[in-house]
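Asker: Here it is, the structure in full.
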Amino acid sequence: MGEVRPIVYVGDPVLHAPCEPVKEFDDELRALVDDMFASMYAAEGVGLAANQIGVPLRVFVYDCPDEDGVRHKGVVVNPVLELPEVGERRLDPGAEGCLSVPGQYAPLPRADRAKVHGFDADGRPVTVEGTGMLARCLQHETDHLDGHLYIDRLPAKRRKRVLAAYEESRKAG
Ligand SMILES: [Zn+2]
């Protein structure tokens, strides 16, 4: 059972810099993963990157449905994202949101299938392949670990609108 840790919001430097690769697959890492699951469920998210709870390591967790509504749950350490070749890539035009920009959503086309290679918390190799929302989640979480938020991929005007709405909602409390 992990401990729920506070989510870090847009503007915090830990979200805007690349995370460090994990070198030790030890109890500390497994405790971090437990805390990440607890924090993701508490925030009602479908994915969470370690830097979203302030830890700059390349780890994400997910519990997310694919395009057929089948739930997939797991952890990927040191993920490497693989997308279909540009010529074979189909874009899903759906909307995206992020626990670190709470309450805001914006349309963001993403590849409708994606694969991530990495390791589980014990250092065993894993490959996760996803369609639909899971494909979006794998891309979104890997972006986090590279120091990018989904709003960084939006056209400038829309990004400004999303940030302004977020600031407004924070002031409103
Ligand atoms: Zn996010």
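The numbering of the sequence shown is our numbering, which starts it at 5 and goes up by one.
Every residue gets a Cβ at the ideal spot worked out from N, C-alpha and C, and that includes glycine.
None of these values were measured; they are calculated from a predicted model.
Return yes when the Cβ of residue 18 is within less than 8 Å of the Cβ of residue 60, no when it is not.
Answerer: Result yes, Cβ atoms of residue 60 and residue 18 sit closer than 8 Å.
Asker: Please go through the segment 34–94 and give each complete beta strand (DSSP E) segment of 3 or more residues, from N-terminal end onward.
Answerer: Entirely contained in the segment 34–94, the beta strand (DSSP E) runs reaching 3 residues are, in chain order, 51–53, 63–69 and 75–86.
Asker: Output yes or no for whether 8 Å exceeds the beta carbon distance between residue 166 and residue 104.
Answerer: No, the Cβ-Cβ distance between residue 166 and residue 104 is not below 8 Å.
Asker: Is any heavy atom in ligand 1 found nearer than 7 Å to the beta carbon of residue 167?
Answerer: For ligand 1, not one heavy atom lies less than 7 Å from the Cβ of residue 167.
Asker: Within 10 angstroms of its Cβ, does residue 95 collect 16 or more other Cβ (buried), or is it exposed?
Answerer: Answer is exposed; the Cβ neighbour count stays below 16.
Asker: On the DSSP bridge list, what partners appear for residue 130?
Answerer: Residue 130 is bridged to 122.
Asker: Quick check on the DSSP output: the beta strand (DSSP E) that includes residue 28 runs from which residue to which?
Answerer: Segment: none, residue 28 is in no beta strand (DSSP E) and carries neither H nor E.
Asker: Can you tell me which of the three DSSP states residue 136 falls into?
Answerer: Helix.
Asker: Please find out if some non-hydrogen atom of ligand 1 comes closer than 7 Å to the beta-carbon of residue 68.
Answerer: Answer for residue 68: no, Cβ out of range of ligand 1.
Asker: State the start and end residues of the unbroken beta strand (DSSP E) segment that holds residue 172.
Answerer: Element bounds for residue 172: not the beta strand (DSSP E) but the alpha helix (DSSP H), 160–176.
Asker: Using the C-alpha atoms, what's the distance from residue 91 back to residue 63?
Answerer: The alpha-carbon atoms of residue 63 and residue 91 are separated by roughly 30 Å.
Asker: Assuming residue 137 and residue 65 are in contact, meaning their beta carbons sit under 8 Å apart, how far apart are those beta carbons, in whole angstroms?
Answerer: The Cβ separation is near 15 Å, so there is no contact.
Asker: Tell me whether residue 17 sits in a helix, a strand or coil according to DSSP, three-state version.
Answerer: Residue 17 falls in the helix class under three-state DSSP.
Asker: Across which residues does DSSP place residue 109 in a beta bridge pair?
Answerer: DSSP lists 101 as partners of residue 109.
Asker: Rank 113, 169, 128 and 168 by C-alpha distance to the C-alpha of residue 158 and give the top, closest one.
Answerer: Out of 113, 169, 128 and 168, 113 has the C-alpha closest to the C-alpha of residue 158.
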